[in-house]
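Trainee:
Residue numbers (our numbering): 105 to 293.
#1: Can you name the start and end residues of the beta strand (DSSP E) that residue 262 belongs to?
#2: Hey, quick one: how far does the alpha helix (DSSP H) through residue 119 stretch, first residue to last?
#3: When DSSP builds the beta bridges, which residues end up paired with residue 268?
#4: For residue 224, collect the residues of the same chain with a Cβ closer than 6 angstroms to its Cβ; drop the 5 residues on either side in sequence, then sort them by chain order.
#5: Taking the alpha helix (DSSP H) that residue 229 falls in, what are its first and last residues?
#6: What is the DSSP secondary structure of residue 145, reduced to helix, strand or coil?
#7: Assuming residue 151 contacts residue 177 (C-beta within less than 8 angstroms), just tell me the rounded distance between them.
#8: Quick check: the Cα distance between residue 230 and residue 258, rounded to an integer number of angstroms?
#9: By the three-class DSSP mapping on this structure, what secondary structure does residue 203 have?
#10: Would residue 160 be called buried (16 or more neighbouring beta carbons within 10 Å of its own) or exposed?
#11: Assuming residue 267 and residue 291 make a contact with CB atoms under 8 angstroms, what is their CB distance in whole Å?
#12: My assumption, with CB atoms under 8 angstroms, is that residue 232 sits in contact with residue 139. Please give the rounded CB distance.
#13: Measuring CA to CA, which of 163, 227, 214 and 107 is closest to residue 148?
#14: So residue 179 and residue 215 are supposed to be a Cβ contact under 8 angstroms. How far apart are they, rounded?
#15: Expressed to the nearest angstrom, what Euclidean distance is found between the alpha-carbon atoms of residue 201 and residue 274?
#16: CB residue 242 to CB residue 263, shorter than 9 angstroms?
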C-alpha cells in the first residue's frame, strides 16, 4: 500500500503499539487527538485535558453512581458497562456537563466521553488525507464502534468508504462484515 495505512483508535497510540508492536505505521490515538505519521512526525494539535472542575464533577458523579471514571489526555470518560441500567443517567450527566463548559460528548460501547470537540476519528482521517502517502488515495475505514461513524463519513467524503463490523443501524458505512474473523479473512491475515 506504499505506506498508506493508518490505525485510528480511541485508545492511546502507546496502547495500539502494545497490540501490534512498534511498527512504522501512521496512527491516530485518543479519537484523533494524537496523530502521528509512520516516520513519527506529529500532525495537528496536542490533546486538550479536562479542566480540573470538570474532572472533579465526573469523579464525584462516578463515585455516587458506581460508574467508572477514566481520565484521558483528551478528556474524560464515564463507563457504564458494569451498570447498563445507568446509561441514560450517564449520558444526561455528560451532556449537561459538556454543555455548561463548551465541550462535546461522544458515545462508544457503554461509554460517554467528554472531549474538547476539535478531535474525532473523522478529523483524524481528514488530517491524514492531507499528508503523503495518503493524499489522493481512496480511504477505507473498518470499525465496529459508534465513534467509528465519523471515520466512515470522512472516508466517504474523500471518495472512499466505511466498513462496519457487525450489525448496527443507522450507519454511515456502505459496506459490512459480520465479525472480526471476517475482517481477518478479508485482509488475508
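Here a beta-carbon is modelled for each residue, glycine too, at the ideal position from N, C-alpha and C. Model, not experiment: these values are computed from the prediction.
Mentor: So, from the listed chains and residues:
#1: For residue 262, there is no enclosing beta strand (DSSP E), as DSSP marks it with neither H nor E.
#2: First-last of the alpha helix (DSSP H) with residue 119: 117–124.
#3: In DSSP, residue 268 forms a bridge with 247 and 280.
#4: Excluding residues within five positions, the ones whose Cβ falls inside 6 angstroms are 135, 136 and 254.
#5: Going by DSSP, residue 229 is part of the alpha helix (DSSP H) stretching over 225–233.
#6: Residue 145 falls in the coil class under three-state DSSP.
#7: The Cβ separation is near 4 angstroms, so the contact holds.
#8: If you take the alpha carbons of residue 230 and residue 258, they lie about 7 angstroms apart.
#9: In the three-state reduction of the DSSP assignment, residue 203 falls in the helix class.
#10: By the C-beta density criterion, residue 160 is exposed, having fewer than 16 other C-beta atoms within 10 angstroms.
#11: Their Cβ separation, rounded to whole angstroms, is 11 angstroms, which puts residue 267 and residue 291 out of contact at 8 angstroms.
#12: That belief holds up - the Cβ atoms of residue 232 and residue 139 are roughly 7 angstroms apart, short of 8 angstroms.
#13: When each option's Cα is compared against that of residue 148, the closest is 227.
#14: In fact, because the Cβ distance is near 11 angstroms, the residues do not count as touching under 8 angstroms.
#15: Distance between residue 201 and residue 274, taken at the CA atoms: about 27 angstroms.
#16: For residue 242 and residue 263, yes; Cβs fall inside 9 angstroms.
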